[in-house]
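This report concerns only the one structure given below.
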Amino acid sequence: QIYGINMDLIRSLVTPRSHALVKNETVLSSQQHTMFESLNQLDDILEYVSFKELKGDIIYDMGRTIRNYMLIKPYLHPEFFRVSEKVRSDISFKTLVGQYEEMERTRSFYEQKCFRLMNNNYIKLMEQGEFDLSSMIAGEVAKIGQTAIECEEEDIVEIVIIRFNTFFRMSIKHALRNNEPRNIYNLSFFYGQFIFHLVEHKKIDQVKKCFMYLRMYGVEIARLFAGVPSVYFNVAVIACEMKKLLEQIYNDRWDMEIQTELVNEILQVDNPPDFNKEDLDQGIMINNGVRWIQFGLALFYHREKEEEFVQRIAKDILDDLDDLGESTFYRILGMTE
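In the numbering used here, the protein residues as written are 3 to 339.
As C-alpha coordinates, then:
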(Lines of atoms letter the chains of each structure in order from A and count residues from 1; the text may use other names and numbers.)
(Lines give C-alpha, C1' and ligand atoms only; values in the text may rest on other atoms or scores of the structure.)
Protein backbone atom coordinates (compact mmCIF):
# COMPACT_ATOMS: atom_id res chain seq x y z
CA GLN A 1 0.00 0.00 0.00
CA ILE A 2 2.85 2.42 0.83
CA TYR A 3 4.46 1.63 -2.52
CA GLY A 4 1.19 2.15 -4.41
CA ILE A 5 0.40 5.50 -2.78
CA ASN A 6 3.94 6.74 -3.43
CA MET A 7 3.84 5.70 -7.09
CA ASP A 8 0.49 7.47 -7.52
CA LEU A 9 2.16 10.66 -6.25
CA ILE A 10 5.18 10.21 -8.52
CA ARG A 11 2.96 9.63 -11.58
CA SER A 12 0.97 12.76 -10.73
CA LEU A 13 4.15 14.83 -11.04
CA VAL A 14 4.03 14.62 -14.85
CA THR A 15 0.68 16.43 -15.09
CA PRO A 16 0.42 20.02 -16.39
CA ARG A 17 -0.85 21.10 -12.96
CA SER A 18 2.28 19.76 -11.22
CA HIS A 19 4.50 21.38 -13.84
CA ALA A 20 2.76 24.70 -13.24
CA LEU A 21 3.30 24.46 -9.46
CA VAL A 22 6.90 23.24 -9.53
CA LYS A 23 8.37 26.69 -8.85
CA ASN A 24 6.29 27.03 -5.70
CA GLU A 25 8.81 26.11 -3.00
CA THR A 26 6.13 25.01 -0.53
CA VAL A 27 4.52 22.63 -3.01
CA LEU A 28 7.86 21.26 -4.21
CA SER A 29 9.08 20.73 -0.66
CA SER A 30 5.86 18.91 0.29
CA GLN A 31 6.06 16.60 -2.75
CA GLN A 32 9.69 15.68 -2.14
CA HIS A 33 9.08 15.22 1.58
CA THR A 34 6.15 12.86 0.92
CA MET A 35 8.28 10.79 -1.46
CA PHE A 36 11.04 10.58 1.15
CA GLU A 37 8.62 9.65 3.90
CA SER A 38 7.33 6.73 1.84
CA LEU A 39 10.85 5.30 1.70
CA ASN A 40 11.34 6.05 5.40
CA GLN A 41 8.15 4.15 6.23
CA LEU A 42 9.35 1.12 4.28
CA ASP A 43 12.68 1.40 6.09
CA ASP A 44 10.95 1.52 9.50
CA ILE A 45 8.88 -1.56 8.73
CA LEU A 46 11.99 -3.40 7.54
CA GLU A 47 13.66 -2.56 10.85
CA TYR A 48 10.91 -3.85 13.10
CA VAL A 49 9.15 -6.76 11.36
CA SER A 50 10.46 -10.25 12.02
CA PHE A 51 8.95 -12.16 9.08
CA LYS A 52 11.56 -12.81 6.41
CA GLU A 53 9.01 -12.87 3.58
CA LEU A 54 7.74 -9.40 4.53
CA LYS A 55 11.30 -8.08 4.76
CA GLY A 56 11.91 -9.42 1.25
CA ASP A 57 8.75 -7.72 -0.03
CA ILE A 58 9.88 -4.39 1.43
CA ILE A 59 13.34 -4.65 -0.15
CA TYR A 60 11.65 -5.42 -3.47
CA ASP A 61 9.32 -2.42 -3.08
CA MET A 62 12.28 -0.12 -2.42
CA GLY A 63 13.98 -1.34 -5.57
CA ARG A 64 10.97 -1.15 -7.87
CA THR A 65 10.10 2.31 -6.55
CA ILE A 66 13.40 3.63 -7.90
CA ARG A 67 13.19 1.61 -11.13
CA ASN A 68 9.73 2.96 -11.94
CA TYR A 69 10.70 6.46 -10.83
CA MET A 70 13.58 6.44 -13.33
CA LEU A 71 11.17 5.53 -16.12
CA ILE A 72 9.02 8.55 -15.20
CA LYS A 73 11.91 11.01 -14.63
CA PRO A 74 12.19 12.24 -18.25
CA TYR A 75 8.63 13.57 -17.99
CA LEU A 76 9.20 15.55 -14.78
CA HIS A 77 9.76 19.29 -14.91
CA PRO A 78 13.50 20.14 -14.72
CA GLU A 79 12.83 22.39 -11.71
CA PHE A 80 11.55 19.40 -9.74
CA PHE A 81 15.12 18.26 -9.10
CA ARG A 82 15.97 21.27 -6.94
CA VAL A 83 16.97 19.98 -3.51
CA SER A 84 14.42 21.52 -1.14
CA GLU A 85 14.97 22.35 2.52
CA LYS A 86 12.88 19.34 3.55
CA VAL A 87 15.25 17.07 1.64
CA ARG A 88 18.32 18.76 3.11
CA SER A 89 16.98 18.21 6.62
CA ASP A 90 16.30 14.49 6.04
CA ILE A 91 18.27 12.24 8.39
CA SER A 92 19.87 10.38 5.46
CA PHE A 93 21.32 13.61 4.06
CA LYS A 94 22.77 15.10 7.25
CA THR A 95 26.28 14.11 6.17
CA LEU A 96 25.86 15.29 2.57
CA VAL A 97 26.27 19.02 3.18
CA GLY A 98 28.16 20.42 0.20
CA GLN A 99 26.87 17.76 -2.21
CA TYR A 100 23.45 19.25 -2.91
CA GLU A 101 24.57 21.11 -6.04
CA GLU A 102 25.98 17.87 -7.44
CA MET A 103 22.70 16.09 -6.70
CA GLU A 104 20.82 18.83 -8.53
CA ARG A 105 23.17 18.58 -11.50
CA THR A 106 22.82 14.79 -11.71
CA ARG A 107 19.11 14.82 -10.77
CA SER A 108 19.85 12.04 -8.31
CA PHE A 109 18.49 13.14 -4.92
CA TYR A 110 15.78 10.43 -4.79
CA GLU A 111 18.04 7.61 -5.92
CA GLN A 112 20.65 8.75 -3.40
CA LYS A 113 18.05 8.59 -0.64
CA CYS A 114 17.12 5.01 -1.54
CA PHE A 115 20.74 3.91 -1.85
CA ARG A 116 21.57 5.29 1.58
CA LEU A 117 18.68 3.34 3.12
CA MET A 118 19.74 0.20 1.24
CA ASN A 119 23.32 0.71 2.37
CA ASN A 120 22.29 0.89 6.04
CA ASN A 121 20.08 -2.17 5.73
CA TYR A 122 22.78 -4.13 3.92
CA ILE A 123 25.03 -3.64 6.96
CA LYS A 124 22.28 -4.47 9.48
CA LEU A 125 21.13 -7.62 7.73
CA MET A 126 24.70 -8.79 7.22
CA GLU A 127 25.48 -8.29 10.91
CA GLN A 128 22.29 -10.18 11.83
CA GLY A 129 23.36 -13.15 9.72
CA GLU A 130 20.53 -12.60 7.22
CA PHE A 131 22.85 -13.12 4.26
CA ASP A 132 19.98 -13.99 1.90
CA LEU A 133 18.23 -10.68 2.59
CA SER A 134 21.43 -8.64 2.42
CA SER A 135 22.14 -10.33 -0.91
CA MET A 136 18.63 -9.45 -2.07
CA ILE A 137 19.53 -5.79 -1.55
CA ALA A 138 22.56 -6.29 -3.82
CA GLY A 139 20.23 -7.87 -6.38
CA GLU A 140 17.90 -4.87 -6.26
CA VAL A 141 20.84 -2.51 -6.75
CA ALA A 142 21.86 -4.55 -9.82
CA LYS A 143 18.33 -4.22 -11.23
CA ILE A 144 18.35 -0.48 -10.56
CA GLY A 145 21.67 -0.37 -12.41
CA GLN A 146 20.14 -2.20 -15.37
CA THR A 147 17.27 0.29 -15.52
CA ALA A 148 19.73 3.19 -15.28
CA ILE A 149 21.72 1.77 -18.21
CA GLU A 150 18.57 1.32 -20.31
CA CYS A 151 17.39 4.86 -19.46
CA GLU A 152 20.87 6.25 -20.25
CA GLU A 153 21.15 7.66 -16.72
CA GLU A 154 24.94 7.75 -16.77
CA ASP A 155 25.29 9.49 -13.41
CA ILE A 156 23.09 6.88 -11.72
CA VAL A 157 25.15 4.09 -13.31
CA GLU A 158 28.26 5.61 -11.73
CA ILE A 159 26.49 5.78 -8.37
CA VAL A 160 25.56 2.08 -8.69
CA ILE A 161 29.22 1.21 -9.30
CA ILE A 162 30.17 3.15 -6.17
CA ARG A 163 27.45 1.36 -4.21
CA PHE A 164 28.69 -2.08 -5.27
CA ASN A 165 32.21 -1.13 -4.25
CA THR A 166 30.90 -0.04 -0.85
CA PHE A 167 29.10 -3.37 -0.47
CA PHE A 168 32.30 -5.24 -1.32
CA ARG A 169 34.28 -3.37 1.30
CA MET A 170 31.59 -4.05 3.89
CA SER A 171 31.30 -7.75 3.06
CA ILE A 172 35.09 -8.24 3.15
CA LYS A 173 35.26 -6.47 6.51
CA HIS A 174 32.42 -8.65 7.80
CA ALA A 175 34.14 -11.79 6.52
CA LEU A 176 37.31 -10.81 8.37
CA ARG A 177 35.43 -10.86 11.66
CA ASN A 178 33.20 -13.86 11.01
CA ASN A 179 34.86 -16.05 8.33
CA GLU A 180 31.55 -15.73 6.46
CA PRO A 181 31.92 -16.32 2.69
CA ARG A 182 28.32 -16.08 1.51
CA ASN A 183 27.92 -12.31 1.31
CA ILE A 184 30.97 -11.97 -0.96
CA TYR A 185 29.83 -14.98 -3.01
CA ASN A 186 26.36 -13.57 -3.69
CA LEU A 187 27.65 -10.04 -4.17
CA SER A 188 30.07 -11.25 -6.86
CA PHE A 189 27.17 -12.84 -8.72
CA PHE A 190 25.01 -9.70 -8.67
CA TYR A 191 27.94 -7.45 -9.57
CA GLY A 192 28.57 -9.77 -12.51
CA GLN A 193 24.93 -9.42 -13.59
CA PHE A 194 25.21 -5.64 -13.48
CA ILE A 195 28.45 -5.67 -15.50
CA PHE A 196 26.79 -7.98 -18.04
CA HIS A 197 24.23 -5.25 -18.73
CA LEU A 198 27.09 -2.77 -19.17
CA VAL A 199 28.60 -5.20 -21.69
CA GLU A 200 25.26 -5.55 -23.50
CA HIS A 201 25.13 -1.78 -23.98
CA LYS A 202 28.86 -1.57 -24.78
CA LYS A 203 29.70 0.78 -21.90
CA ILE A 204 33.42 0.25 -22.44
CA ASP A 205 34.87 2.65 -19.88
CA GLN A 206 32.56 1.46 -17.13
CA VAL A 207 33.24 -2.21 -17.91
CA LYS A 208 36.99 -1.54 -17.70
CA LYS A 209 36.48 0.23 -14.39
CA CYS A 210 34.42 -2.67 -12.97
CA PHE A 211 37.01 -5.24 -14.11
CA MET A 212 39.68 -3.22 -12.32
CA TYR A 213 37.61 -3.29 -9.13
CA LEU A 214 36.96 -7.03 -9.41
CA ARG A 215 40.69 -7.63 -9.79
CA MET A 216 41.39 -5.45 -6.76
CA TYR A 217 38.88 -7.33 -4.61
CA GLY A 218 40.22 -10.68 -5.78
CA VAL A 219 43.74 -9.69 -4.76
CA GLU A 220 42.47 -8.30 -1.45
CA ILE A 221 40.58 -11.50 -0.61
CA ALA A 222 43.61 -13.60 -1.57
CA ARG A 223 45.78 -11.52 0.74
CA LEU A 224 43.43 -11.42 3.72
CA PHE A 225 42.02 -14.96 3.64
CA ALA A 226 44.96 -17.08 2.53
CA GLY A 227 44.42 -19.43 5.47
CA VAL A 228 40.60 -19.49 5.33
CA PRO A 229 39.56 -21.80 2.46
CA SER A 230 35.83 -21.06 2.68
CA VAL A 231 36.34 -17.32 2.09
CA TYR A 232 39.39 -17.72 -0.17
CA PHE A 233 37.13 -19.65 -2.55
CA ASN A 234 35.58 -16.30 -3.52
CA VAL A 235 38.72 -15.42 -5.48
CA ALA A 236 37.71 -18.17 -7.90
CA VAL A 237 34.10 -16.93 -7.83
CA ILE A 238 35.26 -13.48 -8.95
CA ALA A 239 37.45 -15.03 -11.67
CA CYS A 240 34.47 -17.08 -12.87
CA GLU A 241 32.34 -13.94 -13.26
CA MET A 242 35.16 -12.28 -15.20
CA LYS A 243 35.51 -15.32 -17.46
CA LYS A 244 31.80 -15.31 -18.35
CA LEU A 245 31.98 -11.61 -19.13
CA LEU A 246 35.12 -11.99 -21.26
CA GLU A 247 33.46 -14.70 -23.34
CA GLN A 248 30.44 -12.46 -23.93
CA ILE A 249 32.70 -9.52 -24.80
CA TYR A 250 34.53 -11.70 -27.35
CA ASN A 251 31.23 -12.89 -28.86
CA ASP A 252 30.15 -9.24 -29.12
CA ARG A 253 33.34 -8.53 -31.12
CA TRP A 254 34.80 -5.78 -28.98
CA ASP A 255 38.06 -4.19 -30.09
CA MET A 256 40.93 -6.62 -29.47
CA GLU A 257 43.02 -4.03 -27.66
CA ILE A 258 40.24 -3.56 -25.12
CA GLN A 259 39.85 -7.32 -24.77
CA THR A 260 43.57 -7.62 -24.10
CA GLU A 261 43.29 -5.09 -21.26
CA LEU A 262 40.44 -7.07 -19.72
CA VAL A 263 42.21 -10.43 -20.09
CA ASN A 264 45.16 -8.93 -18.23
CA GLU A 265 42.81 -8.12 -15.34
CA ILE A 266 41.66 -11.73 -14.89
CA LEU A 267 45.30 -12.87 -14.97
CA GLN A 268 46.03 -10.64 -11.97
CA VAL A 269 42.98 -11.55 -9.90
CA ASP A 270 44.85 -14.16 -7.84
CA ASN A 271 48.15 -12.32 -7.42
CA PRO A 272 48.57 -12.06 -3.65
CA PRO A 273 51.93 -10.53 -2.74
CA ASP A 274 54.91 -12.34 -1.29
CA PHE A 275 53.80 -15.97 -1.61
CA ASN A 276 56.58 -18.53 -1.67
CA LYS A 277 57.08 -22.24 -1.16
CA GLU A 278 57.60 -21.83 2.58
CA ASP A 279 54.19 -20.17 2.85
CA LEU A 280 52.61 -23.14 1.11
CA ASP A 281 54.29 -25.57 3.49
CA GLN A 282 52.73 -23.63 6.38
CA GLY A 283 49.24 -23.95 4.95
CA ILE A 284 49.06 -20.70 2.97
CA MET A 285 47.05 -21.25 -0.20
CA ILE A 286 47.28 -20.30 -3.83
CA ASN A 287 43.95 -20.70 -5.59
CA ASN A 288 44.06 -23.57 -8.05
CA GLY A 289 40.39 -22.83 -8.79
CA VAL A 290 41.40 -19.57 -10.45
CA ARG A 291 44.00 -21.38 -12.54
CA TRP A 292 41.44 -23.92 -13.74
CA ILE A 293 39.10 -21.06 -14.69
CA GLN A 294 41.95 -19.45 -16.61
CA PHE A 295 42.61 -22.81 -18.30
CA GLY A 296 38.95 -22.85 -19.32
CA LEU A 297 39.21 -19.34 -20.74
CA ALA A 298 42.31 -20.36 -22.71
CA LEU A 299 40.39 -23.31 -24.17
CA PHE A 300 37.58 -20.94 -25.16
CA TYR A 301 40.04 -18.71 -27.02
CA HIS A 302 41.73 -21.76 -28.56
CA ARG A 303 38.38 -22.91 -29.94
CA GLU A 304 37.91 -19.42 -31.41
CA LYS A 305 41.47 -19.57 -32.83
CA GLU A 306 42.64 -16.55 -30.81
CA GLU A 307 46.09 -17.96 -30.14
CA GLU A 308 47.53 -14.68 -28.84
CA PHE A 309 45.19 -14.85 -25.84
CA VAL A 310 45.93 -18.56 -25.38
CA GLN A 311 49.66 -17.86 -25.24
CA ARG A 312 49.17 -14.90 -22.89
CA ILE A 313 47.20 -17.04 -20.42
CA ALA A 314 49.60 -19.99 -20.75
CA LYS A 315 52.60 -17.77 -20.06
CA ASP A 316 50.96 -16.38 -16.93
CA ILE A 317 50.20 -19.87 -15.63
CA LEU A 318 53.69 -21.14 -16.42
CA ASP A 319 55.21 -18.23 -14.51
CA ASP A 320 54.02 -20.11 -11.42
CA LEU A 321 56.14 -23.06 -12.52
CA ASP A 322 59.23 -20.87 -12.57
CA ASP A 323 58.42 -19.25 -9.24
CA LEU A 324 57.35 -22.34 -7.29
CA GLY A 325 59.18 -25.25 -8.89
CA GLU A 326 57.62 -28.29 -10.52
CA SER A 327 56.69 -30.21 -7.39
CA THR A 328 54.87 -27.31 -5.72
CA PHE A 329 53.30 -26.17 -9.00
CA TYR A 330 51.76 -29.56 -9.72
CA ARG A 331 50.62 -29.93 -6.11
CA ILE A 332 48.76 -26.61 -6.23
CA LEU A 333 46.94 -27.59 -9.41
CA GLY A 334 46.10 -31.02 -8.05
CA MET A 335 48.03 -32.68 -10.86
CA THR A 336 50.65 -35.37 -10.99
CA GLU A 337 54.01 -34.63 -12.52
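Heads up, the beta-carbon is just placed ideally off N, CA and C, and yes, glycines get one too.
1) With contact counted as at least three CB pairs below 8 angstroms, one residue from each stretch, are the stretch 128 to 139 and the stretch 86 to 93 in contact?
2) Where does proline 18 fall in DSSP's three states?
3) Hey, would you say glutamate 222 sits closer than 8 angstroms to methionine 244, going by beta carbons?
4) Once the 5 residues before and after isoleucine 240 are set aside, which same chain residues still bring their CB inside 7 angstroms of it?
5) Should alanine 144 go down as buried or exposed, given a rule of 16 or more other Cβ atoms within 10 Å for buried?
6) How many Å lie between tyrosine 5 and isoleucine 68 at the Cα?
7) Going by Cα to Cα distance, which pick from Ala228, Val24, Met37 and Gly100 is closest to leucine 78?
8) If I measure Cβ to Cβ from phenylalanine 235 and keep anything under 6 angstroms in the same chain, skipping five residues before and after, which residues do I get?
9) Could you tell me whether the Cβ atoms of isoleucine 74 and arginine 13 are closer together than 8 angstroms?
10) Distance, Cα to Cα, asparagine 290 vs lysine 246?
11) Between histidine 304 and leucine 264, what straight-line distance do the alpha-carbon atoms span, to the nearest angstrom?
12) With 16 other CB atoms within 10 Å as the buried threshold, where does leucine 44 fall?
13) Could you give the first and the last residue of the continuous alpha helix (DSSP H) run that contains isoleucine 153?
14) What residue range is occupied by the uninterrupted alpha helix (DSSP H) comprising tyrosine 50?
15) For aspartate 276, count neighbouring Cβ atoms within 10 angstroms of its own Cβ and tell me buried if that reaches 16, exposed if not.
16) Just to check my reading of the structure: alanine 177 and valine 233 have Cβ atoms closer than 8 angstroms, yes? What is that Cβ distance to the nearest angstrom?
17) Quick one: is methionine 258 buried, meaning 16 or more other Cβ sit within 10 Å of its Cβ, or exposed?
18) Which of the three DSSP states, helix, strand or coil, is assigned to asparagine 181?
19) Using a Cβ-Cβ cutoff of less than 7 angstroms, which residues in the same chain neighbour isoleucine 197 once the five nearest sequence positions on both sides are dropped?
20) For methionine 258, would you say it is in contact with chain C, using Cβ-to-Cβ distances shorter than 8 angstroms as the test?
21) What distance in whole Å lies between the Cβ atoms of serine 40 and isoleucine 2, which are believed to be in contact at a cut-off of 8 angstroms?
22) Select from Asp318, Ile260 and Ile251 the residue whose C-alpha is nearest the C-alpha of glutamate 306.
23) Considering only C-alpha positions, which residue in the set Glu81, Val159, Ile186 and Asn70 is nearest to phenylalanine 124?
24) To the nearest angstrom, report how far apart glutamine 313 and histidine 199 are at their CA atoms.
25) Suppose you measure from the CA of tyrosine 71 to the CA of glutamine 33; what does that come to, to the nearest Å?
26) My output table needs one value for leucine 282: the three-state DSSP class, helix, strand or coil.
27) For glutamine 3 and tyrosine 112, what's the separation of their Cα atoms in angstroms?
28) How is leucine 11 classed by DSSP in three states: helix, strand or coil?
29) Aspartate 63: buried (16+ other C-beta within 10 angstroms of its C-beta) or exposed?
30) Could you say which of Gly100, Pro80, Met120 and Ile93 lies nearest to arginine 109 if we only look at CA atoms?
31) Just the Cα atoms here: how many angstroms apart are glutamine 101 and asparagine 180?
32) Sorted by chain position, which residues of the same chain lie with C-beta nearer than 6 angstroms to cysteine 406's C-beta, five sequence neighbours on each side aside?
33) Assuming contact is defined by CB atoms lying nearer than 8 angstroms, are threonine 36 and leucine 11 in contact in what I supplied?
So, from the data block:
1) Short answer: they don't touch.
2) Numbered from 1 along the sequence shown, position 16 holds the residue referred to as residue 18. Of the three classes helix, strand and coil, the one that applies to proline 18 here is helix, per DSSP.
3) Numbered from 1 along the sequence shown, position 220 holds the residue referred to as residue 222. Numbered from 1 along the sequence shown, position 242 holds the residue referred to as residue 244. Contact: no.
4) The residue given as residue 240 occupies position 238 in the sequence shown. Counting only Cβ-Cβ distances below 7 angstroms, and skipping sequence neighbours, we find Ser190, Leu216, Tyr219, Gly220 and Val271.
5) To locate residue 144, count along the sequence shown from 1; it is residue 142. Alanine 144 sits buried, since 16 or more C-beta atoms from the chains shown fall within 10 Å of its C-beta.
6) Taking the first residue of the sequence shown as 1, we reach residue 5 at position 3. Taking the first residue of the sequence shown as 1, we reach residue 68 at position 66. Going by C-alpha positions, tyrosine 5 is about 11 angstroms away from isoleucine 68.
7) The sequence position of residue 78 within the sequence shown is 76, counting from 1. Comparing Cα-Cα distances from leucine 78 to each of Ala228, Val24, Met37 and Gly100, the minimum goes to Val24.
8) Numbered from its first residue, the sequence shown carries residue 235 at position 233. Excluding sequence neighbours, phenylalanine 235 sits near nothing in its chain.
9) Taking the first residue of the sequence shown as 1, we reach residue 74 at position 72. Taking the first residue of the sequence shown as 1, we reach residue 13 at position 11. Their beta carbons are under 8 angstroms apart, which means isoleucine 74 touches arginine 13 by this criterion.
10) Taking the first residue of the sequence shown as position 1, residue 290 is located at position 288. Taking the first residue of the sequence shown as position 1, residue 246 is located at position 244. Taking the straight line from one Cα to the other gives about 18 angstroms.
11) Counting from 1 along the sequence shown, the entry for residue 304 is found at position 302. Counting from 1 along the sequence shown, the entry for residue 264 is found at position 262. Cα-Cα distance, rounded: 17 angstroms.
12) On the sequence shown, residue 44 is found 42 positions in, with the first residue counted as 1. Buried.
13) Here residue 153 corresponds to residue number 151 of the sequence shown, with the count starting at 1. First, the amino acid is wrong: residue 153 is cysteine here, not isoleucine. Where cysteine 153 is concerned, there is no enclosing alpha helix (DSSP H), given that its DSSP letter is neither H nor E.
14) Position 48 of the sequence shown, counted from the start, is the residue given in the question as residue 50. Counting along the chain, tyrosine 50 sits inside the alpha helix (DSSP H) bounded by residues 27 to 50.
15) Position 274 of the sequence shown, counting from 1, holds the residue named residue 276. Only weak support is given to the placement of aspartate 276: the predicted model assigns it a pLDDT of 47, under 50, and the question is left unresolved by the model.
16) Here the question's residue 177 lines up with position 175 in the sequence shown. Here the question's residue 233 lines up with position 231 in the sequence shown. Indeed, because the Cβ distance is near 5 angstroms, the residues count as touching under 8 angstroms.
17) Counting from one through the sequence shown, the residue named residue 258 turns up at place 256. Exposed, by the Cβ-count rule.
18) By 1-based counting over the sequence shown, the position of residue 181 is 179. The answer is coil: DSSP assigns asparagine 181 none of H, G, I, E or B.
19) Taking the first residue of the sequence shown as 1, we reach residue 197 at position 195. Excluding residues within five positions, the ones whose Cβ falls inside 7 angstroms are Val209, Cys212 and Leu247.
20) The displayed structure is made up of one protein chain only, and chain C is not part of it.
21) Because the chain spans 3 through 339 in this model, residue 2 falls outside it and cannot be assessed.
22) In the sequence shown, the residue the question calls residue 306 occupies position 304. Checking every option, the nearest Cα to that of glutamate 306 belongs to Ile251.
23) Reading the sequence shown from its first residue, position 122 is the one you call residue 124. Checking the sequence, you will find tyrosine at residue 124 rather than phenylalanine. Among Glu81, Val159, Ile186 and Asn70, the Cα nearest to that of tyrosine 124 is on Ile186.
24) For this step, residue 313 is matched to residue 311 along the sequence shown. For this step, residue 199 is matched to residue 197 along the sequence shown. In a straight line, the C-alpha of glutamine 313 is about 29 angstroms away from that of histidine 199.
25) Taking the first residue of the sequence shown as 1, we reach residue 71 at position 69. Taking the first residue of the sequence shown as 1, we reach residue 33 at position 31. Approximately 14 angstroms between the Cα atoms of the pair.
26) Sequence index remark: in the sequence shown, residue 282 carries index 280 (1-based). In this predicted model, leucine 282 has a pLDDT of only 49, less than 50, meaning its place in the structure is not dependable enough to derive any value.
27) Here residue 3 is taken as the residue at index 1 of the sequence shown, counted from 1. Here residue 112 is taken as the residue at index 110 of the sequence shown, counted from 1. The straight-line gap from Cα to Cα measures roughly 20 angstroms.
28) Reading the sequence shown from its first residue, position 9 is the one you call residue 11. It is helical.
29) On the sequence shown, residue 63 is found 61 positions in, with the first residue counted as 1. Label assigned to aspartate 63: buried.
30) Here the question's residue 109 lines up with position 107 in the sequence shown. With distances taken between Cα atoms, arginine 109 lies closest to Pro80.
31) In the sequence shown, counting from the first residue as 1, residue 101 sits at position 99. In the sequence shown, counting from the first residue as 1, residue 180 sits at position 178. Each residue's Cα considered, the two are about 35 angstroms apart.
32) Shown here, the chain extends from 3 to 339; a query on residue 406 therefore has no answer.
33) Here the question's residue 36 lines up with position 34 in the sequence shown. Here the question's residue 11 lines up with position 9 in the sequence shown. Contact flag set, yes.
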